[in-house]
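Going down the list, the protein sequences come from chains C and H. Per the numbering used here, numbering through the first sequence is continuous, rising by one, with the last residue being 361. Per the numbering used here, numbering through the second sequence is continuous, rising by one, with the last residue being 361. Report on one structure; see the data block that follows.
There are 2 protein chains.
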Amino acid sequence: MTKIIDPYGSELVKDYEKLIKDFGLEVFNSRGFPKPSRIMRRRVVFAGRDLKIIARCIKEKNPFYALSGIMPTNKELHLGNKLVVENLKYFQEHGAKTYILVADLEAQAARGVPLEEGRKRAMDFHIPAYIALGLDPKKTVFYFQSDNKEVVHFAYEAAKKITLNEFKAIYGAADPGRIMSAVTQVGDVLYPQFKERMPGIIPVGIDQDPHIRLSRDVVNRMKSKRFFFPSSLYHKYTPSLDGSVKMSKSKPESCITIPEDEKSVRRKIMKAVSGGRPTLEEHRRLGAEVEKCMVFELLKQHLIEDDKELNKIYKEYKSGRMSAGEIKEIASEKMVALMKDFNKKLEKAKKQIDKVKFVHF
Amino acid sequence: MTKIIDPYGSELVKDYEKLIKDFGLEVFNSRGFPKPSRIMRRRVVFAGRDLKIIARCIKEKNPFYALSGIMPTNKELHLGNKLVVENLKYFQEHGAKTYILVADLEAQAARGVPLEEGRKRAMDFHIPAYIALGLDPKKTVFYFQSDNKEVVHFAYEAAKKITLNEFKAIYGAADPGRIMSAVTQVGDVLYPQFKERMPGIIPVGIDQDPHIRLSRDVVNRMKSKRFFFPSSLYHKYTPSLDGSVKMSKSKPESCITIPEDEKSVRRKIMKAVSGGRPTLEEHRRLGAEVEKCMVFELLKQHLIEDDKELNKIYKEYKSGRMSAGEIKEIASEKMVALMKDFNKKLEKAKKQIDKVKFVHF
């Protein structure tokens with residue numbers, strides 16, 4: 001198997017190689033894609049399924065789509081959402097018809113969020129936030145699951161194609177709410193193909209792979225509909241500031257949300273697990289353990305666009321010339337700037353919400 | 001437990017008493033209901049749940065509803081559908097707001113009937129057939145499940161309230177298609193209460209009781225919505241002409257459908273298991289075994305409206321003065337007349353299909 005080459009040798013690579021093997025994914029190779037994005041170049045995007053067909057669509061300017069969903073449960077985004085939007089943005093800029101669905105039915109089925117509440121949250125925050133993160137509202141089509149009869153009707157059809165045991169094999173568990181959510185997601189994943197037969201790519205965190213697998217199984221059982229198998233693209237988790245594999249709101253002091261206020265951003269980054277040595281003397285002598293540094297990971301995944309700038313910091317830090325305190329200071333400044341920029345763009349997007357394109361059914 | 005008194009001592013009574021005990025049903029007592037219908041008087045209707053509240057609504061002229069569904073899978077009705085329509089008609093004539101839904105989503109999820117095909121079948125046959133059997137189209141509201149977003153959205157909410165194990169306990173088995181069908185049916189059962197809080201009764205065959213139980217469980221878990229528990233009313237199966245418990249298309253020569261042509265009606269009834277003795281001499285001496293006679297059961301359940309007329313035949317037959325051949329002749333004539341009447345009314349109803357009231361969503 002092709003090894004994933006992380007130019008900065010993050011310690012998490014081993015886990016991702018296991019995932020690739022276990023789930024039968026393709027290793028992502030940025031050479032297939034023109035002008036790869038920051039997260040593509042740095043192997044934050046690490047794997048996918050059926051990527052060649054998408055690369056070909058880009059190259060030959062054939063129609064394809066990129067799709068993702070908003071789950072209107074929380075009232076803020078996490079950094080994983082940001083990675084998804086950046087991937088969508090990449091494909092949007094390379095010709096993809098872009099679809100964002102608001103998973104209000106799922107939020108209801110899985111988390112008990114009433115439909116009206118889900119709709120309100122999406123309109124007031126999630127949709128403007130996705131625009132603030134870089135989606136072009138003029139090139140993006142939004143819809144609410146609860147409005148989309150075609151998706152729901154398809155969900156009933158898809159449900160007929162799978163057994164309970166298959167469902168359990170894919171998801172590990174099965175309950176009525178989860179089943180309804182999952183088959184509805186299959187409808188969403190394939191929805192752009194209902195009217196126009198074309199390949200599509202779904203950028204997701206690796207934990208969302210079950211939905212992709214279920215969708216591909218359903219496509220396989222509906223041969224007469226001649227759907228393209230949905231392609232997928234996986235990004236790594238942004239690790240928790242305490243060094244564990246995934247940033248999560250269950251550990252709020254190790255998790256940065258979008259938006260987040262300056263004071264708590266600075267406090268959390270200052271407390272983060274870094275690559276610094278026990279003493280400054282040791283640090284200068286041995287250099288930072290960059291591969292264990294959650295702060296460098298933030299710079300790499302989210303905060304520094306320019307590769308040269310990142311490389312410079314990497315070298316300074318690795319050599320011990322830059323201290324953990326200094327790198328934390330850089331990360332704090334940049335994260336605070338990111339939040340300011342986000343808030344400004346969010347307010348602007350909120351004012352333009354009436355110009356957003358919704359599919360009406 | 002109150003015994004069910006079948007005035008004609010059908011041998012099937014024992015089985016129904018077991019069902020009542022196992023499922024915790026109420027024994028149906030026609031005294032609670034004004035002008036009980038033929039099938040109520042004769043204990044074809046044998047049990048229910050929460051019947052008193054419906055009897056009270058009738059007596060006090062309070063609002064209540066009666067609801068049933070059309071499953072547009074087959075291209076004809078069976079005699080069990082006729083019993084359901086007769087029960088609906090009874091409640092309609094006693095003040096119930098009457099709802100008939102076309103279960104097109106379920107027909108798709110459970111049997112793979114495409115939505116367009118289900119809709120066409122319902123418009124061309126099932127809805128006119130229900131009117132031909134006695135429903136007043138001016139007093140009945142029809143809807144298609146696939147149009148009714150409120151029902152589908154409620155299904156997602158209901159799914160969240162039940163576990164897979166509960167589902168298995170009620171239905172014996174669980175698979176994704178069945179789960180989606182069932183929670184959608186819960187939405188249908190409660191739909192008239194979404195806008196107007198009132199009791200409702202669902203007349204069903206006993207094999208449909210799982211849907212009633214699931215609906216009642218869901219009501220119980222959604223206390224804040226203050227739904228009335230749906231009441232239900234159960235009729236016996238029309239037995240198979242070969243003497244087994246339920247008429248079924250799997251044994252076509254023992255099953256009479258609606259409509260059915262004269263020739264096959266006569267042929268099937270002539271071959272039916274009767275109460276006749278091996279020889280005419282014995283028959284005259286011992287009398288017919290009426291409780292084993294499937295032909296008398298047809299007269300009782302479906303073909304003779306007047307109790308005096310039925311009683312007279314019962315006595316003649318029981319005493320041996322009337323032969324099995326004679327009772328078959330009577331049943332054949334009446335069944336042929338029923339089919340003629342149905343066909344005439346069906347053609348008339350088809351012509352008036354544009355006057356049927358549909359809920360538009």
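We put the beta carbon where it would ideally sit given N, CA and C, even for glycine.
What's the gap between the Cα of residue i and the Cα of residue j?
i, j, result
"H:Ala-115", "H:Lys-315", "Checking the sequence shown, residue 115 of chain H turns out to be Leu, not Ala. Taking the straight line joining both Cα atoms gives about 51 angstroms."
"H:Leu-346", "H:Gln-352", "10 angstroms"
"H:Arg-267", "H:Ala-324", "14 angstroms"
"C:Gln-108", "H:Pro-176", "18 angstroms"
"C:Val-356", "H:Lys-97", "42 angstroms"
"C:Val-113", "H:Ala-174", "25 angstroms"
"C:Arg-321", "C:Leu-298", "20 angstroms"
"H:Asp-341", "H:Ala-155", "39 angstroms"
"H:Ser-264", "H:Thr-257", "10 angstroms"
"H:His-153", "C:Pro-34", "43 angstroms"
"H:Tyr-363", "H:Val-359", "Residue 363 of chain H is absent from the model: chain H starts at 1 and stops at 361."
"H:Gly-118", "H:Glu-106", "10 angstroms"
"C:Pro-36", "C:Glu-309", "17 angstroms"
"H:Lys-300", "C:His-211", "55 angstroms"
"C:Arg-56", "C:Ser-250", "41 angstroms"
"H:Lys-348", "H:Lys-138", "14 angstroms"
"C:Leu-286", "C:Arg-111", "49 angstroms"
"H:Ala-47", "H:His-235", "7 angstroms"
"H:Glu-282", "H:Gln-208", "42 angstroms"
"C:His-302", "C:Asp-261", "17 angstroms"
Can you tell me where the alpha helix (DSSP H) with residue i in it begins and where it stops?
i, result
"H:Lys-271", "262-271"
"C:Thr-184", "176-190"
"H:Ser-323", "Note, H:Ser-323: premise wrong, no alpha helix (DSSP H); not H, not E."
"C:Pro-203", "Premise fails: C:Pro-203 lies in the beta strand (DSSP E), 200-205, not in any alpha helix (DSSP H)."
"C:Gly-80", "79-93"
"C:Asp-217", "209-221"
"H:Lys-168", "164-171"
"H:Pro-128", "127-132"
Can the beta-carbon of residue i be found closer than 9 angstroms to that of residue j?
i, j, result
"C:Ile-100", "C:Leu-88", "yes"
"C:Pro-230", "C:Ile-202", "yes"
"H:Val-218", "H:Gly-200", "no"
"C:Leu-135", "C:Leu-77", "no"
"C:Leu-241", "C:Ala-272", "yes"
"H:Val-362", "H:Thr-184", "Because chain H is modelled from 1 through 361, residue 362 of chain H falls outside the range shown and cannot be assessed."
"C:Asn-343", "C:Pro-259", "yes"
"H:Ala-122", "H:Ser-181", "no"
"C:Arg-41", "C:Asp-307", "yes"
"H:Met-198", "H:Phe-64", "yes"
"H:Phe-28", "H:Val-45", "yes"
"H:Gly-275", "H:Tyr-237", "no"
Taking Cβ positions only, does residue i come closer than 9 angstroms to chain H?
i, result
"C:Ile-179", "yes"
"C:Gly-112", "yes"
"C:Leu-346", "no"
"C:Leu-164", "yes"
"C:Ala-159", "yes"
"C:Phe-194", "no"
"C:Lys-149", "yes"
"C:Phe-369", "This structure cannot settle anything about residue 369 of chain C, because the visible part of chain C is limited to 1 through 361."
"C:Tyr-143", "no"
"C:Ala-155", "yes"
Shorter than 9 angstroms from the beta carbon of residue i to some beta carbon of chain D?
i, result
"C:Leu-105", "No chain D is present in this structure, whose protein chains are C and H."
Does the beta carbon of residue i sit closer than 9 angstroms to a beta carbon anywhere in chain C?
i, result
"H:Phe-358", "no"
"H:Ser-146", "yes"
"H:Val-183", "yes"
"H:Met-1", "Interpretation of H:Met-1 is limited by its pLDDT of 47, a score under 50 that renders its predicted location unreliable; the figure taken from the coordinates is listed afterwards. It does not; no Cβ of chain C falls within 9 angstroms."
"H:Gly-172", "no"
Let me know the secondary structure DSSP gives residue i once reduced to three states.
i, result
"C:Phe-229", "coil"
"C:His-360", "coil"
"C:Ser-68", "strand"
"C:Leu-241", "coil"
"H:Glu-26", "strand"
"C:Lys-18", "helix"
"H:Ile-100", "strand"
"H:Ala-155", "helix"
"C:Phe-33", "coil"
What is the residue span of the beta strand (DSSP E) that residue i lies within?
i, result
"H:Tyr-317", "Where H:Tyr-317 is concerned, there is no enclosing beta strand (DSSP E), although the alpha helix (DSSP H) it sits in stretches over 307-319."
"H:Ala-47", "45-49"
"H:Val-141", "140-144"
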